[in-house]
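Enquirer: Below: one structure in structure tokens.
In full-length UniProt numbering, the protein residues as written are 1 to 818.
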């Protein structure tokens, strides 16, 4: 992110040492470098002490070579020799940059080149702490340094380290002030007016005093003054001629005061002023005449004022203006003529205003603009040609706007390197939207899934949605393991129950049929989890490359459909089984129980309703969007309610409508059943036996309700929080889909079959029969067969006879003829 001055500059540094070194310890990096510029130029280039030299404003540059050449050509004649000596180096650098841009590898989607080498690596390898490229290019440009900070450094270089300040050179100043060389710090000493000090003062800090009024000619004696700090004085009145005589002033800080109005021309004598800081003042209106005389100012900051509009021809009196910051005002609109005279403007901040609309040609004159911040406004739509003339724009921030983006909104931004779209809902997002920005290296989205639409961008934020990462469909190792565990438990448990219910005969065949159908629907959830595990293995290590294709694929939609069908059929079946049991227990003598035909009709209807609920989102994709493809696991939980499309409303209706109502019915029914059983038990004589029975029933009912609660209450809370726009971490969603939702499917076989008294009794009978058969078989086996040869002279000389040797007779054999 670009750096810029804060509202309360130089609050911790001694104003006495307000040389460039002192300023460098307080300001952000880009401004520290600018602060050292004047002394750097004097030291390196031998500029005259009268400060008559003027600087050329910074303009965006396209390569390191042109930056270097630009700096050298704008130095004094003594630097021309350096230009001649360095021309071969510049040429070589230009060739290298050109080759790096044109002759490097052309990488496929989701990969980036290793600088000017022909090697391509997956985007996940960028800035991962391991040098995967031979030249280490994958660990470069890890921070987003595009925009003003980068340009400022390329033009002005690094700040010069100065020697320690010398002794005070002022002979007149208040005794409570601190003096070093020609710089004076009079901070928080209760001053009510500008003090009398020596005329050779070059820096005067009067911060945190009680100066309410700046009268005419208040500083007329200080012709050498270059920096003036008047923050936190609650200044109310600034005379029209207050700054007369300050012909050498370069920095003027008036922030954190009570100024409501400034008269036009109040700065007309400040011909050398470079920085004008007016932050934190209740100024409500300005005109372009206010800045008359500011021919050298290149930085204007009016953060957190009360401006409601900006005047036409804003920069007409500031031809060298490079940076303007109007963050935190109340600006509502911008016209075509606002910036028409701001051709040299490089950075424009309009963050945190109330802008609702922009004229089509608002920025058409800003051909040198490198950074534009329109975040945190109320912009709903930008004209398609808004950015057409911003050919050199490197950084654009549109975050936190209720903005609808056109597909071709960014077509002309070929030099853009950083695009911030955080907290921006892009309902019509397309890959085509970002393809023209071939130099884009950093992009910031609200949702992780948006990153799949910009696979050519090296750094995309956020890095995960809590479910998937750039490498894997299931980013968490625990999820990767347990998706298989839960899938196996769900599938095999339900298949076991289906088999056992089919093998064991039951008197209530319709109830058995209902349980088997419930197991079938629960088994579909296990199948869904198996498919998620399979595709996670398939895309392991390269998910980002296939993310968009996967989420829009028929396979993803198909398994999402299975999961939704399983969920809704299970919910409806559990509700039906609960109501059936409720009628039997609470109304034992009624005749409203469903018969065989009614039961079959109800079961078929439940499957039809579940199928319709799951299939409806396929009918109108324009309304529902990609209902099942909002995340890598293809389940339409829609925890993020900020995306206003039909799918969110439909998901809300299903989970907080159908499922919540079913849950309430189940809880109410089981509570009523328990109360009814307890009431009946109290009317009987054998209290102790019925007490034991009540405890068993209570435990069974509790676990049934508890399993439903741990499955559905987190989902209901998630949906309710999303209604109130609460930001929910994606990790929560992943655990709910993989762990929480399948709980019912995994536990239903246990709760509705394996723990029932009927099943236990039948199982005991089967085991008893098996044991009896084992004993009988063992007895049969204890009789060994023997072949005995005997000679019967009455039949044949030799006869073959089969005999059975009974071991219980201790060797006595019974011979039977065959």
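All residues carry an ideal CB built from backbone N, CA and C; glycine is no exception.
#1: Between residue 306 and the rest of its own chain, which residues show a CB-CB distance below 7 Å, the 5 nearest in sequence each way excluded?
#2: For residue 475 and residue 227, what's the separation of their Cα atoms in angstroms?
#3: For residue 672, which of 624, 659 and 581 has the nearest alpha-carbon?
#4: So which of 766, 704 and 414 has the shortest CA-CA distance to residue 505?
#5: May I have the straight-line CA-CA distance separating residue 734 from residue 311, to the nearest angstrom?
#6: May I ask which residues mark the beginning and end of the beta strand (DSSP E) holding residue 823?
#7: What are the start and end residues of the alpha helix (DSSP H) that includes residue 297?
#8: Which residues does DSSP list as the beta-bridge partners of residue 304?
#9: Count the other C-beta atoms from every protein chain shown that fall within 10 angstroms of the C-beta of residue 290, then say buried if there are 16 or more, exposed otherwise.
#10: Rounded to whole angstroms, what is the Cα-Cα separation between residue 610 and residue 655?
#11: Could you give the residue range of the alpha helix (DSSP H) that holds residue 745?
#12: Only counting the same chain, and skipping five residues up and downstream in sequence, which positions put a Cβ closer than 7 Å to that of residue 762?
#13: Rounding to the nearest angstrom, what Cα-Cα distance links residue 314 and residue 308 in this structure?
#14: At what residues does the beta strand (DSSP E) containing residue 626 begin and finish?
#15: For the beta strand (DSSP E) that residue 465 lies in, which residues bound it at each end?
#16: Buried or exposed, going by whether 16 or more other CB atoms sit within 10 Å of the CB of residue 680?
#17: Which of the three DSSP states is assigned to residue 275 in this structure?
#18: When DSSP builds the beta bridges, which residues end up paired with residue 404?
#19: Throw me the rounded Cβ distance for the residue 614 and residue 551 pair, which I believe falls under 8 Å.
#20: In whole angstroms, what is the alpha-carbon distance linking residue 382 and residue 267?
#21: How about residue 212 and residue 235: are their beta carbons less than 8 Å apart?
#22: Measuring straight from C-alpha to C-alpha, what distance separates residue 361 and residue 334?
#23: Going by beta carbon distance, what residues of the same chain come within less than 8 Å of residue 548, once the five residues before and after it are set aside?
#24: Do residue 297 and residue 320 have their beta-carbon atoms positioned less than 8 Å apart in this structure?
#25: Buried or exposed: which applies to residue 449, given that a residue is buried once 16 or more other Cβ atoms fall within 10 Å of its Cβ?
#26: For my contact list, residue 197 and residue 184 are in at a C-beta cut-off of 8 Å; report their separation, rounded to the angstrom.
#27: Do you know how far the Cα of residue 256 is from the Cα of residue 200?
#28: Starting from residue 574, follow the alpha helix (DSSP H) in both directions and report where the run begins and ends.
#29: Less than 7 Å between C-beta atoms, sequence neighbours within five positions excluded: which residues of the same chain meet that for residue 533?
#30: Between the C-alpha atoms of residue 271 and residue 316, what's the straight-line distance to the nearest angstrom?
#31: Note down, in chain order, each residue of its chain lying with its Cβ closer than 7 Å to the Cβ of residue 426, except the 5 sequence neighbours on either side.
#32: Could you tell me the alpha carbon to alpha carbon distance between residue 666 and residue 446, rounded to whole angstroms?
#33: Kindly list the residues whose CB is nearer than 6 Å to the CB of residue 526, restricted to its own chain and excluding five residues on each side of it in sequence; keep chain order.
#34: Take residue 169 as the anchor and find which of 120, 175, 677 and 181 has the nearest alpha-carbon.
#35: Within a Cβ cutoff of 7 Å, which residues of the same chain sit near residue 524, ignoring the five residues on either side of it in sequence?
Expert: Short version:
#1: 282, 283, 284, 329 and 330
#2: 54 Å
#3: 581
#4: 766
#5: 51 Å
#6: The requested residue 823 is not part of the displayed model; the chain covers only 1 to 818.
#7: Run containing residue 297: none; DSSP gives neither H nor E here.
#8: Answer is none; residue 304 lacks a bridge partner.
#9: buried
#10: 13 Å
#11: 742-749
#12: 504
#13: 14 Å
#14: Neither: residue 626 is in no beta strand (DSSP E) and is coded neither H nor E.
#15: Looking at the DSSP string, residue 465 is not in any beta strand (DSSP E), and its letter there is neither H nor E.
#16: exposed
#17: strand
#18: 381
#19: Actually they do not touch by this definition, with Cβ atoms about 18 Å apart.
#20: 36 Å
#21: yes
#22: 10 Å
#23: 431, 452, 453 and 455
#24: yes
#25: buried
#26: 6 Å
#27: 27 Å
#28: 554-586
#29: 483, 484 and 487
#30: 15 Å
#31: 405 and 450
#32: 38 Å
#33: 487, 490 and 491
#34: 181
#35: 562, 565 and 566
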